[in-house]
Every structure is written in C-alpha cells, then in structure tokens.
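**Student:** Have a look at the structure that comes next, please.
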Amino acid sequence: EDQVTQSPEALRLQEGESSSLNCSYTVSGLRGLFWYRQDPGKGPEFLFTLYSAGEEKEKERLKATLTKKESFLHITAPKPEDSATYLCAVQDATGNQFYFGTGTSLTVIP
Amino acid sequence: AAGVIQSPRHLIKEKRETATLKCYPIPRHDTVYWYQQGPGQDPQFLISFYEKMQSDKGSIPDRFSAQQFSDYHSELNMSSLELGDSALYFCASSSVISGNTIYFGEGSWLTVV
Numbered sequence: 022e023d024q025v026t027q028s029p030e031a032l033r034l035q036e037g038e039s040s041s042l043n044c045s046y047t048v049s050g051l052r053g054l055f056w057y058r059q060d061p062g063k064g065p066e067f068l069f070t071l072y073s074a075g076e077e078k079e080k081e082r083l084k085a086t087l088t089k090k091e092s093f094l095h096i097t098a099p100k101p102e103d104s105a106t107y108l109c110a111v112q113d114a115t116g117n118q119f120y121f122g123t124g125t126s127l128t129v130i131p
Numbered sequence: 002a003a004g005v006i007q008s009p010r011h012l013i014k015e016k017r018e019t020a021t022l023k024c025y026p027i028p029r030h031d032t033v034y035w036y037q038q039g040p041g042q043d044p045q046f047l048i049s050f051y052e053k054m055q056s057d058k059g060s061i062p063d064r065f066s067a068q069q070f071s072d073y074h075s076e077l078n079m080s081s082l083e084l085g086d087s088a089l090y091f092c093a094s095s096s097v098i099s100g101n102t103i104y105f106g107e108g109s110w111l112t113v114v
C-alpha cells in the first residue's frame, strides 16, 4: 500500500537554528515527490518537485533532497516567517493520484 | 501568473442542504483534482479529471459528485450535507507542461450547521 510518513509532527526552532524535516515514502513507482508549504486556512503553496534519487533543489533557506526511500527538507537559519506546515506528497506511476503525508508543523521562535 | 481560482471562498449551509463549489484551473492545465482537508489533517484526495473525463476516484462520498466542463472548469456538488462535511475543499490543477506538479487554489471553506 502506498504510504507517505512525515516526521516530526511538530518542530519548534529558535530563529537561526537549522534543522531537517523528513518524508519517508513507499509507492509503486515514484513519478515525483513534492514539497508544499501551507499556512493556516490557505492552499498548499508549491515549493519543490524531485524526480529521481540524488536530486537536490534549493530555494532561499530551503533545500530538498531525495533518496530512494525518503526526502529531506533542510531549513538553514530559519526565520519566524518560515513558520508553517510543510507537506510532502508523492505521485505514483499512474500519475493519477498524489499521496500526502500528514505534515510537519514548524514554529520558528524569534 | 494565473493561479487556480476557487469559488466561493466561504460557504455556510444547513444539514441536508446542497452545495456547489467551482474551480477554474490554471490556463492550459488539463487535469483537475479535488481534495478535502479537515482541521489539523492532511488533504484527502476526492476525485480527479483529465481532459474532462474522470481519471481517478478517492474517498469521495456517494453524496458528492463532480464533473469537468468543456472549458476545463470543474464543479463539486455535495448533497445531503452532514456536519462532518465541514472542511476546506481544495481544487488543484496540473499538466505535463508543468512537470505534473499540482498547483492548489486557496480553497473553499464549507461550514455545515
């Protein structure tokens, strides 16, 4: 059964304290792995797409990496405005469905 | 750049009433998805359409139906509403030209009272 698990469920960081969020997945044929940021009451905002193991993408303080079993979202020197829920989703080989993890709620304290 | 447009943004209905949500995908996107997100939960896939045909079905109740029209906009119809249907409903769209990345709208808040 296709599954996506994110950890930790919640993370509190001091401003400037770097850390990583994990997304572990089991899917029959990975077409793509996606990271989104979601603020309360708003739609998920697209961050990155990763297609193959070894791929890395960066955007400002965020860097996403992918292996055959998991993806990491590294946050370097976070700021309070990075506080949000970060969702990971995988797309299976059929391309018809995206499976979401339950997200990591990140709080960055000034 | 144009994004996914959803309407209405907020909707309050009574139990057993009917509600219709609309979604206008990003221009030239051929696939539309509907998701339901309850408080503190991850988005749950309901249904998707590709080129106006239903392509996949998730945990959509029988009381709900959806379709995609010739102009690619989609509507989610919800009947016999229950209190548990209160949630944020997202529409998303994608296409091969976007690398199959799905882009979400801002969602429609449905409150059933």
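Protein chains in written order, with the numbering used here: chain U, 22 to 131; chain G, 2 to 114. Glycine is no exception: its CB is placed at the ideal position from the N, C-alpha and C atoms.
1. Report the residue from U:Q118, U:I96, U:R58 whose alpha carbon sits nearest the alpha carbon of G:S60.
2. At a CB-CB cut-off below 7 Å, which residues of chain G make contact with U:T70?
3. Hey, quick one: how far does the beta strand (DSSP E) through U:A105 stretch, first residue to last?
4. Against U:G75, what residues of chain G qualify as contacts under a CB-to-CB distance less than 7 Å, listed in chain order?
5. Residues of chain U with a CB under 8 Å from the CB of G:D43: which are they?
6. In terms of residues, what are the limits of the beta strand (DSSP E) holding G:D57?
7. What does U:G2 touch in chain G if you count any residue whose Cβ is under 9 Å from its own?
8. Against chain U, with Cβ distances strictly below 9 Å, would G:Y34 count as a contact?
9. Looking at chain G, is there any beta carbon in it that lies within less than 9 Å of the beta carbon of U:G62?
10. Could you give the uninterrupted runs of the alpha helix (DSSP H) lying entirely in the stretch 16 to 84 of chain G, keeping only those of 4 residues or more?
11. At what residues does the beta strand (DSSP E) containing G:K14 begin and finish?
12. I believe G:F65 touches G:M54 by the beta-carbon criterion, under 8 Å. Please report the beta-carbon distance rounded to the nearest angstrom.
13. Is it buried or exposed for G:P26, if we count other Cβ within 10 angstroms and need 16 for buried?
14. Would you please verify whether the beta carbon of U:E66 is less than 9 Å from any beta carbon of chain G?
15. On the CB-based measure, 16 or more other CB atoms within 10 Å of its CB, does U:R58 come out buried or exposed?
16. Please confirm if G:S96 has its CB atom under 9 Å from at least one CB of chain U.
17. Measure from the C-beta of U:Q112 to each C-beta in chain G and report whether the shortest distance is under 9 Å.
18. What are the start and end residues of the beta strand (DSSP E) that includes U:Q27?
**Tutor:** So, to answer that:
1. U:Q118
2. G100, T102
3. For U:A105, the uninterrupted beta strand (DSSP E) run begins and ends at 105 to 113, by DSSP.
4. Going along chain G, no residue has its Cβ under 7 Å from U:G75, so there is no contact; the nearest lies around 18 Å.
5. L108, F121, G122, T123, G124
6. 54 to 58
7. Nothing about residue 2 of chain U can be reported from this structure: the residues present for chain U run from 22 to 131 only.
8. yes
9. At least one chain G Cβ lies under 9 Å of U:G62.
10. none
11. 11 to 14
12. Wrong, their Cβ atoms sit about 18 Å apart, outside the cutoff.
13. buried
14. yes
15. Buried is the call here.
16. no
17. yes
18. 24 to 28
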